[in-house]
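Participant: No gaps in the numbering here: position 133 of the sequence shown is 474 in the working numbering, and each next residue is one more. So that we are looking at the same thing, I have put the structure below in structure tokens.
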Amino acid sequence: MRRPALLLGCGLLAACAAPALTLYTLGTPPVVSGAVPLGRTPVVISLTRVSLQDDLDTQDIVVRDGSMLQRSHKGRWAARLSMGITDRLTQRLAARYPGALVTDRPLTETPTDRILVNIGRLDVTTAGIATLDADWLVVPRDTASPTVRNRANFSATGPVGTDQDVVTLIGMLLDKLADVIEVPGAH
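As structure tokens, this is what we get:
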């Protein structure tokens with residue numbers, strides 16, 4: 342009598358088990374290449390944590406179907422989305438400005454430039470259309486230099502059948518954003 346009850350209990354537990362959860366990151370693998378020496382007084386660019394609308398700044402991977410947001414049951418972001426976006430932009434800007442120290446970590450000194458990014462819209466639809474609206478400030482340490490303000494919107498299309506597809510689409514939008522953020526003193 343004990344054995345059938347035990348088998349039944351194990352069967353019920355197995356039926357209730359959730360699918361394996363996959364964690365995704367927007368960061369990219371490090372590029373193996375010779376590091377450029379920074380010199381004695383390098384340009385230091387600090388990217389503050391990206392500001393993102395509250396309903397998206399979670400660990401949920403979300404796709405919009407009309408006015409309904411569909412949360413993935415199989416995948417999640419490895420960290421809050423704002424942290425993943427900040428990491429991706431930092432990596433892309435560091436690759437773009439190899440002679441500068443680009444960081445999103447706390448600094449002991451005032452950086453040469455601070456970048457503040459606000460993402461007002463980040464949307465991926467079930468139709469495979471992704472959009473990003475962002476504005477940003479580049480604030481120089483030198484108060485005599487002007488603050489640079491800019492904004493842009495981007496779109497991309499692609500498959501959204503899997504969580505990896507959604508991650509890839511968002512990564513494409515963020516790469517476009519990183520390509521247009523200009524830091525005047527970093528060239």
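Don't be surprised by glycine CBs; every beta carbon is placed ideally from N, CA and C.
1. Helix, strand or coil: which one does DSSP assign to Asp-483?
2. Buried or exposed: where does Gln-432 fall if 16 or more other Cβ atoms within 10 Å of its Cβ makes it buried?
3. Taking Cβ positions, are Ile-292 and Thr-389 nearer each other than 9 angstroms?
4. Buried or exposed for Arg-429, going by 16 or more other Cβ atoms inside 10 Å?
5. Use the C-beta contact count for Gly-416: other C-beta atoms within 10 angstroms, 16 or more gives buried, fewer gives exposed.
6. Taking contact to mean 3 or more Cβ pairs, one atom from each stretch, closer than 8 angstroms, check whether the stretch 500-510 and the stretch 473-487 are in contact.
7. When DSSP labels each residue in this structure, what does Val-521 get in the three-state scheme?
8. Can you give me the C-alpha to C-alpha distance between Lys-517 and Ser-423, rounded to a whole angstrom?
9. Can Arg-571 and Trp-477 be called in contact, C-beta distance under 9 angstroms?
10. Return yes when at least one heavy atom of the ligand COA lies under 8 angstroms from the C-beta of Leu-463, else no.
11. Specify, as a first and last residue, the run of the beta strand (DSSP E) that Arg-462 falls within.
12. Going by other Cβ atoms of all chains shown within 10 Å of its Cβ, with 16 needed for buried, is Ser-387 buried or exposed?
13. I need the straight-line Cα distance from Arg-492 to Val-391, nearest angstrom please.
14. Measure the C-alpha to C-alpha separation of Pro-370 and Ser-408 and round it to an integer number of angstroms.
15. Measuring only the C-alpha atoms, how far is Ala-441 from Leu-379?
16. Does DSSP put Thr-369 in a helix, in a strand, or in coil?
17. Between Asn-494 and Leu-473, is the Cβ-Cβ spacing less than 9 angstroms?
18. Tell me, please, which residues DSSP counts as bridged to Leu-442.
Facilitator: Quick answer:
1. On the sequence shown, residue 483 is found 142 positions in, with the first residue counted as 1. In the structure shown, Asp-483 sits in coil (DSSP, three-state: anything other than H, G, I, E or B).
2. Counting from 1 along the sequence shown, the entry for residue 432 is found at position 91. Gln-432 is buried by the Cβ-count criterion.
3. For residue 292 there is no data in the structure shown, the boundaries of the chain being 342 and 528.
4. On the sequence shown, position 88 is the one that residue 429 refers to. Label assigned to Arg-429: buried.
5. Against the sequence shown, residue 416 aligns to sequence position 75. The residue is buried, with at least 16 neighbouring Cβ atoms inside 10 Å.
6. no
7. Start at 1 with the first residue of the sequence shown, and residue 521 comes out as number 180. Helix.
8. Here residue 517 is taken as the residue at index 176 of the sequence shown, counted from 1. Here residue 423 is taken as the residue at index 82 of the sequence shown, counted from 1. Answer to the nearest angstrom: the Cα atoms are 17 angstroms apart.
9. What the structure shows of the chain is the stretch from 342 to 528, and residue 571 is not part of that stretch, so it cannot be assessed.
10. Of ligands this structure carries none, so the ligand COA is not represented either.
11. Position 121 of the sequence shown holds residue 462. Its beta strand (DSSP E) spans residues 454-465.
12. Stepping through the sequence shown from its first residue, residue 387 is reached at position 46. Buried is the call here.
13. Within the sequence shown, numbered from 1, the residue matching residue 492 stands at position 151. Within the sequence shown, numbered from 1, the residue matching residue 391 stands at position 50. Taking the straight line from one Cα to the other gives about 14 angstroms.
14. Position 29 of the sequence shown, counted from the start, is the residue given in the question as residue 370. Position 67 of the sequence shown, counted from the start, is the residue given in the question as residue 408. Roughly 35 angstroms separates the two Cα atoms.
15. As a working mapping, residue 441 is identified with position 100 in the sequence shown. As a working mapping, residue 379 is identified with position 38 in the sequence shown. Roughly 7 angstroms between the two C-alpha positions.
16. Along the sequence shown, read from residue 1 onward, the residue named residue 369 stands at position 28. If DSSP states are grouped into helix, strand and coil, Thr-369 belongs with coil.
17. Here the question's residue 494 lines up with position 153 in the sequence shown. Here the question's residue 473 lines up with position 132 in the sequence shown. The answer is yes: Cβ separation under 9 angstroms.
18. As a first step, residue 442 is located in the sequence shown; it is residue number 101 there, counting from the start. Val-385.
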